[in-house]
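Undergrad: This is the structure I want to talk about, given as structure tokens.
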Amino acid sequence: MQLYHHPYSMDSQKVRLVLEEKGVDYTSYHVNPLTGKNMNASFFRMNPSAKLPVFQNGSHIIFRTIDIVQYIDRLTASLSGEAASVSTETAEWIQKIENWNPKIFTLAHTPPKYRTFISKFIRRVIIARMSESPDLASMYHIKLREAYETEDKLKNLDGVKQSEDELCVILDEAESQLEKTGYLAGDDYTLADSMFIPLLVRVSLLNLEEGYINTRPKVLEYYNMVKKRPSYKVVIGKYFNGWRKYHTLYKTACFLLVRNTLRRY
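Residue numbering for the sequence shown follows the working numbering, beginning at 1 and increasing consecutively.
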């Protein structure tokens, strides 16, 4: 089994937490979308959405995060001789979390100069790949259009506010639930927690804990508790503790700076 992912991708974190919690062995391939690696023809042929993660088991390839998570759950249950069963509460939380798209929220809280720099770089990458692989030009054109549409959405303050409000609703419901149970869908760790933890990590990465996490005591207590789990330490803690939090971003920034400098000459 292979997983194409990136440490800072929310959806990648969700899948990796499930894999670690289930004890599944897999081969890890890092694909950095900030440097356009997900637009390389070899990856794009496998996954025209260019989104991460991508899960492959033999000839079976899955793109959607929720489908990957459910597939892993069924697979591990089958291997253990048990029937896969996801409670109604867990299923509802998974769907609720998946319905929130973090992209606009993330970009809206990213410094404009960095956001603009990355956006222009990615557009140049897409245009270059269209030229290199004419047979994929129509699909690359779709990604180029999406890039421009995202920029337009960021200019819509009502849309940005809606994204923030939707996040607050999820966190408020989590706060209410965690007043009654130890984990999101009950007293045991479930797939719902693997889906929810990366949401909190994204808030932390954007340095927005004060307004979104610290103001919700039960969510904060929960967050501190799950950080102690082995799966969290492998999937997230390894990249977010101390200087490691900026190591991957620093490498990306250096790559982009060099590419941009070379382009000028």
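Every residue gets a Cβ at the ideal spot worked out from N, C-alpha and C, and that includes glycine. If you're wondering where the values come from, they're calculated on a predicted model, not measured in any experiment.
Leaving out five residues before and five after residue 152 in sequence, what residues of the same chain have Cβ atoms less than 7 angstroms from its Cβ?
TA: If you number the sequence shown from 1, residue 152 lands on position 152. Once the five neighbours on either side are set aside, residue 152 has no close Cβ partner at all.
Undergrad: What residue range does the beta strand (DSSP E) around residue 190 cover?
TA: Locating residue 190 in the sequence shown gives position 190, where the first residue counts as 1. That residue, residue 190, is in no beta strand (DSSP E); it is neither H nor E in DSSP.
Undergrad: With a cut-off of 8 angstroms on the beta carbons, I'd call residue 191 and residue 18 a contact; round off their distance for me.
TA: Residue 191 sits at position 191 when you count from the first residue of the sequence shown. Residue 18 sits at position 18 when you count from the first residue of the sequence shown. Right, their Cβ atoms sit about 6 angstroms apart.
Undergrad: To the nearest angstrom, how far is the alpha carbon of residue 37 from that of residue 178?
TA: As a first step, residue 37 must be located in the sequence shown, where it is residue number 37. As a first step, residue 178 must be located in the sequence shown, where it is residue number 178. Rounded to the nearest angstrom, the two C-alpha atoms are 39 angstroms apart.
Undergrad: Can you check DSSP and say which residues form a bridge with residue 54?
TA: Within the sequence shown, the letter at position 54 stands for residue 54. Answer is 4, bridged to residue 54.
Undergrad: Under the three-state reduction of DSSP, which class applies to residue 186: helix, strand or coil?
TA: If you number the sequence shown from 1, residue 186 lands on position 186. Correct three-state label for residue 186: strand.
Undergrad: With DSSP run on the structure shown, which of helix, strand or coil describes residue 78?
TA: Position 78 of the sequence shown, counted from the first residue, corresponds to residue 78. Of the three classes helix, strand and coil, the one that applies to residue 78 here is helix, per DSSP.
Undergrad: Can you tell me which of the three DSSP states residue 254 falls into?
TA: In the sequence shown, residue 254 corresponds to position 254, counting from 1. With a pLDDT of only 49 at residue 254, under 50, the local geometry of the prediction cannot be trusted, and the value read off the model is given with reservation. Correct three-state label for residue 254: helix.
Undergrad: Which of the three DSSP states is assigned to residue 265 in this structure?
TA: For the purposes of this step, residue 265 is taken as the residue at position 265 of the sequence shown. For residue 265, the pLDDT reaches just 42, beneath the cut-off of 50, and the residue's location in the model is therefore unreliable, although a value from the coordinates is still provided. Coil, per DSSP.
Undergrad: Can the beta-carbon of residue 1 be found less than 8 angstroms from the beta-carbon of residue 31?
TA: On the sequence shown, residue 1 is found 1 positions in, with the first residue counted as 1. On the sequence shown, residue 31 is found 31 positions in, with the first residue counted as 1. No. Outside cutoff.
Undergrad: Throw me the rounded Cβ distance for the residue 29 and residue 4 pair, which I believe falls under 8 angstroms.
TA: Stepping through the sequence shown from its first residue, residue 29 is reached at position 29. Stepping through the sequence shown from its first residue, residue 4 is reached at position 4. Indeed, because the Cβ distance is near 5 angstroms, the residues count as touching under 8 angstroms.
Undergrad: Does the pairing of the stretch 42-54 with the stretch 130-146 give three or more beta-carbon distances under 8 angstroms?
TA: These segments touch.
Undergrad: Compute the beta-carbon to beta-carbon distance between residue 10 and residue 198, rounded to the nearest angstrom, for a pair I have assumed lies under 8 angstroms.
TA: Translated into the one-based positions of the sequence shown, residue 10 becomes position 10. Translated into the one-based positions of the sequence shown, residue 198 becomes position 198. With a Cβ gap of about 4 angstroms, residue 10 and residue 198 count as contacting.
Undergrad: Enumerate in chain order the residues of its own chain whose CB-to-CB distance from residue 240 is below 8 angstroms, with the five nearest sequence positions on each side excluded.
TA: For the purposes of this step, residue 240 is taken as residue 240 along the sequence shown, with counting starting at 1. These residues qualify, in order along the chain: 201, 204, 205.
Undergrad: Helix, strand or coil for residue 88 per DSSP?
TA: On the sequence shown, position 88 is the one that residue 88 refers to. Of the three classes helix, strand and coil, the one that applies to residue 88 here is helix, per DSSP.
Undergrad: Taking only the alpha-carbon atoms, compute the straight-line gap between residue 222 and residue 91 and give it to the nearest angstrom.
TA: Position 222 of the sequence shown holds residue 222. Position 91 of the sequence shown holds residue 91. Distance between the alpha carbons of residue 222 and residue 91 is about 20 angstroms.
Undergrad: For residue 113 and residue 74, I'd like the C-alpha separation in whole angstroms.
TA: Position 113 of the sequence shown, counted from the first residue, corresponds to residue 113. Position 74 of the sequence shown, counted from the first residue, corresponds to residue 74. Going from the Cα of residue 113 to the Cα of residue 74 covers about 44 angstroms.
Undergrad: When burial is assigned at 16 or more other CB atoms within 10 Å of the CB, is residue 21 buried or exposed?
TA: Reading the sequence shown from its first residue, position 21 is the one you call residue 21. Classification for residue 21: buried.
Undergrad: I need the boundaries of the beta strand (DSSP E) containing residue 236, first residue and last residue.
TA: Position 236 of the sequence shown, counted from the start, is the residue given in the question as residue 236. Careful: residue 236 lies outside any beta strand (DSSP E) and carries neither H nor E.
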